[in-house]
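Residue numbers (our numbering): 125 to 511.
In structure tokens, the structure reads:
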């Protein structure tokens, strides 16, 4: 067996995908972000938006197919005929090139899901996007889910008939960054969309048959607008009634445009505990049938998940469990989550883990740290990623 199989081919990959698309094949339809002005996002800053041609995208899909075929050939050569998952696992263990890695990871995950990059594939001309979707499905008959990022404003500008055409061509889900339903917050953060446009775009997506995931960014209103941010976001989400509501937590780094507001004091960050109050207010005001998902490690209470409205009471009860903790227990849990030691509130009862976290808290309290997250990073090693 070769130590390092050579699968010479490549295709273009973008920098980002949602956590739920970890095992999806990544196909880059556009480069960077068509808006790229949001003050809370640094993902594509300094990068120019570009539409890729249908022909260029098809060439990438054909390159994926060649890599796929070679992996299938290796399954026979390695006496594992047709066992693509096992073959893909062996290729992944040999640290292949980026393109091969993406295809092998896709096959290891089942080879059925595709994610279209970058930030707003929906901005493509409808007939061109539909052509790419059909070509993808024709090339890979096992694919049953194709998803993409999109903007509410772009969806609002499409006709319902266009969105239906895109769905029928193969797009099954859209991930849209709602972030906030407050017009005040949206304007402050230069989101480039209004709450009304978000509802219009979201409703069109739902009515077209495309599954919709709307993302909410806790903390985006800061200390001054947290209540409006929570209540208005709940109002917009209730009007849209998306399949999924996904929670994210704001983290302000010096690289973000909004950092200047924090530095001068015109925008004050909410604490982790204040964001728990915000989360509670949001859930309390939601009136929809969405799946509420907290699928990001940066969320303090990642266990607050469920199906609305049935699980609302249970989710609020979990939040209340945190709110009634003593100040010392709250600090222990918060630091334990950031240190990747806890995953749920129940783990506070694990005496060993609790003591490990207490030692970290003690070390933090001993130092003169302006930034707790940076201090944690230094304490826990260079590979620790701040939330």
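Ideal Cβ positions, reconstructed from N, Cα and C, are used throughout, including at glycine.
Only a predicted model underlies this, so the values are computations on that prediction, with no experimental measurement involved.
Would you mind giving the Cβ-Cβ distance between residue 217 and residue 246, rounded to the nearest angstrom? I have them listed as a contact below 8 Å.
-> For the purposes of this step, residue 217 is taken as the residue at position 93 of the chain shown. For the purposes of this step, residue 246 is taken as the residue at position 122 of the chain shown. Actually they do not touch by this definition, with Cβ atoms about 37 Å apart.
Residues near residue 222 by beta carbon distance below 7 Å, same chain, minus five either side = Residue mapping note: residue 222 aligns to position 98 of the chain shown, counting from 1. Apart from the 5 residues on each side of it in sequence, residue 222 sits with its Cβ closer than 7 Å to the Cβ of 137 in its chain, given in chain order.
Start-to-end residues for the alpha helix (DSSP H) that takes in residue 252 | Reading the chain shown from its first residue, position 128 is the one you call residue 252. Its alpha helix (DSSP H) spans residues 250 to 263.
Determine, using beta-carbon pairs with one atom in the region 185 to 195 and one in the region 332 to 352, whether at least three such pairs fall under 8 Å.
-> With a cut-off of 8 Å, the region 332 to 352 and the region 185 to 195 do not count as touching, because too few Cβ pairs lie within range.
Supposed close pair residue 399, residue 373 - CB separation, criterion 8 Å | Indexing the chain shown from 1 puts residue 399 at position 275. Indexing the chain shown from 1 puts residue 373 at position 249. The Cβ separation is near 7 Å, so the contact holds.
In the DSSP assignment, what residue or residues form a beta bridge with residue 271?
-> As a first step, residue 271 must be located in the chain shown, where it is residue number 147. Beta-bridge pairing links residue 271 to 239, 297.
Limits of the unbroken beta strand (DSSP E) element including residue 339 = The sequence position of residue 339 within the chain shown is 215, counting from 1. It spans 335 to 342 - the beta strand (DSSP E) in which residue 339 sits, taken as one unbroken run.
Taking 9 Å as the cut-off, decide whether the C-beta atoms of residue 316 and residue 277 are in contact.
-> On the chain shown, position 192 is the one that residue 316 refers to. On the chain shown, position 153 is the one that residue 277 refers to. In this structure, residue 316 lies near residue 277, with their beta-carbon atoms less than 9 Å apart.
C-alpha distance - residue 367 paired with residue 450, whole-angstrom precision = Locating residue 367 in the chain shown gives position 243, where the first residue counts as 1. Locating residue 450 in the chain shown gives position 326, where the first residue counts as 1. In a straight line, the C-alpha of residue 367 is about 36 Å away from that of residue 450.
Residue 508 versus residue 146 - alpha carbon distance | Residue numbering aside, residue 508 sits at position 384 when the chain shown is read from its first letter. Residue numbering aside, residue 146 sits at position 22 when the chain shown is read from its first letter. Any reading at residue 508 must be qualified, since the residue scores a pLDDT of 41, below 50, and its modelled position is unreliable; the value itself is stated next. Distance between the alpha carbons of residue 508 and residue 146: 20 Å.
Run the CB neighbour count on residue 489, radius 10 Å, all protein chains shown included, and call it buried at 16 or more, exposed below.
-> The residue you call residue 489 lines up with position 365 of the chain shown. When all chains shown are included, residue 489 counts as exposed.
Which residue or residues does DSSP assign as beta-bridge partners of residue 417?
-> Reading the chain shown from its first residue, position 293 is the one you call residue 417. Bridge partners of residue 417 according to DSSP: 370.
Any alpha helix (DSSP H) of 4 or more consecutive residues that is wholly inside the region 134 to 216 = Runs of the alpha helix (DSSP H) inside the region 134 to 216: 178 to 201, 208 to 216.
On the DSSP bridge assignment, give the partners of residue 430 in chain order.
-> Numbered from its first residue, the chain shown carries residue 430 at position 306. Residue 430 pairs with 416.
Range covered by the alpha helix (DSSP H) that runs through residue 218 | Locating residue 218 in the chain shown gives position 94, where the first residue counts as 1. Residue 218: not part of any alpha helix (DSSP H); DSSP gives it neither H nor E.
Are the region 226 to 239 and the region 147 to 161 in contact at 8 Å, needing three or more beta carbon pairs?
-> In the pairwise beta carbon analysis, the region 226 to 239 is classified as touching the region 147 to 161: at least three pairs are separated by under 8 Å.
Under a three-way DSSP split, which group does residue 302 fall into?
-> Numbered from its first residue, the chain shown carries residue 302 at position 178. Correct three-state label for residue 302: strand.
With a threshold of 16 other CB atoms inside 10 Å of the CB of residue 251, please say whether the residue is buried or exposed.
-> Counting from one through the chain shown, the residue named residue 251 turns up at place 127. With fewer than 16 other Cβ atoms within 10 Å, it is exposed.
Does the region 395 to 415 come close enough to the region 433 to 440 that 3 or more CB-CB pairs lie under 8 Å?
-> When C-beta atoms of the region 433 to 440 are compared with those of the region 395 to 415, three or more pairs fall below 8 Å, so the two segments count as touching.
Which value, in whole angstroms, describes the spacing of the CA atoms of residue 291 and residue 270?
-> Taking the chain shown and counting its residues from 1, the one referred to as residue 291 is at position 167. Taking the chain shown and counting its residues from 1, the one referred to as residue 270 is at position 146. Rounded to the nearest angstrom, the two C-alpha atoms are 10 Å apart.
Mind reading off the beta-carbon distance from residue 416 to residue 402? Whole number of angstroms is fine, and I expect it under 8 Å.
-> Along the chain shown, read from residue 1 onward, the residue named residue 416 stands at position 292. Along the chain shown, read from residue 1 onward, the residue named residue 402 stands at position 278. Not a contact, Cβ separation roughly 14 Å.
Within 10 angstroms of the Cβ of residue 299, are there 16 or more other Cβ atoms? Answer buried if so, exposed if not.
-> Counted from its first residue, the chain shown places residue 299 at position 175. Its Cβ being crowded by 16 or more others within 10 Å, residue 299 is buried.
Contact check, residue 472 vs residue 456, beta carbons under 9 Å | Residue mapping note: residue 472 aligns to position 348 of the chain shown, counting from 1. Residue mapping note: residue 456 aligns to position 332 of the chain shown, counting from 1. Closer than 9 Å, so yes.
Would you check if the distance between the CB atom of residue 162 and the CB atom of residue 313 is smaller than 9 Å?
-> Position 38 of the chain shown, counting from 1, holds the residue named residue 162. Position 189 of the chain shown, counting from 1, holds the residue named residue 313. Contact annotation: residue 162 and residue 313 have beta-carbon atoms nearer than 9 Å.
Presumed contact (8 Å Cβ cut-off) between residue 173 and residue 155, rounded CB distance = For the purposes of this step, residue 173 is identified with residue 49 of the chain shown, where counting begins at 1. For the purposes of this step, residue 155 is identified with residue 31 of the chain shown, where counting begins at 1. Sure, about 7 Å apart at Cβ, within 8 Å.
Enclosing alpha helix (DSSP H) for residue 280 [first to last residue] = Counting from one through the chain shown, the residue named residue 280 turns up at place 156. Looking at the DSSP string, the run of the alpha helix (DSSP H) that includes residue 280 is 276 to 281.
What is the rounded straight-line gap between the Cα of residue 133 and the Cα of residue 224?
-> Here residue 133 is taken as the residue at index 9 of the chain shown, counted from 1. Here residue 224 is taken as the residue at index 100 of the chain shown, counted from 1. Spanning the alpha carbons of residue 133 and residue 224 requires a straight line of approximately 8 Å.
Nearest to residue 274 by CA position, among 295, 256, 203, 199, is which residue?
-> Walking along the chain shown from the start, residue 274 turns up at place 150. Here the closest residue by C-alpha is 295.
Between residue 346 and chain D, is there a C-beta pair that is closer than 9 Å?
-> The chain inventory of the structure shown lacks chain D, comprising one protein chain alone.
Please list, in chain order, all residues of the same chain as residue 125 whose beta carbon is under 7 Å from its beta carbon, the five residues on each side excluded.
-> For the purposes of this step, residue 125 is identified with residue 1 of the chain shown, where counting begins at 1. Its pLDDT being 42, under 50, residue 125 is placed unreliably in this model, and the coordinates cannot settle the point.
Residue 220 classed as buried or exposed, judged by whether at least 16 other C-beta atoms fall within 10 angstroms | If you number the chain shown from 1, residue 220 lands on position 96. By the neighbour-count rule (16 or more Cβ atoms within 10 Å), residue 220 is buried.
Of the listed residues 464, 444, 170, 370, nearest to residue 418 (C-alpha basis) = Here residue 418 refers to the residue found at position 294 of the chain shown. The option with the nearest alpha carbon to residue 418 is 370.
Taking DSSP as the reference, what is the three-state secondary structure of residue 393?
-> For this step, residue 393 is matched to residue 269 along the chain shown. The answer is coil: DSSP assigns residue 393 none of H, G, I, E or B.
From this set, 186, 465, 376, which residue's C-alpha is nearest residue 259's C-alpha?
-> Indexing the chain shown from 1 puts residue 259 at position 135. The residue with the shortest Cα to Cα distance from residue 259 is 186.
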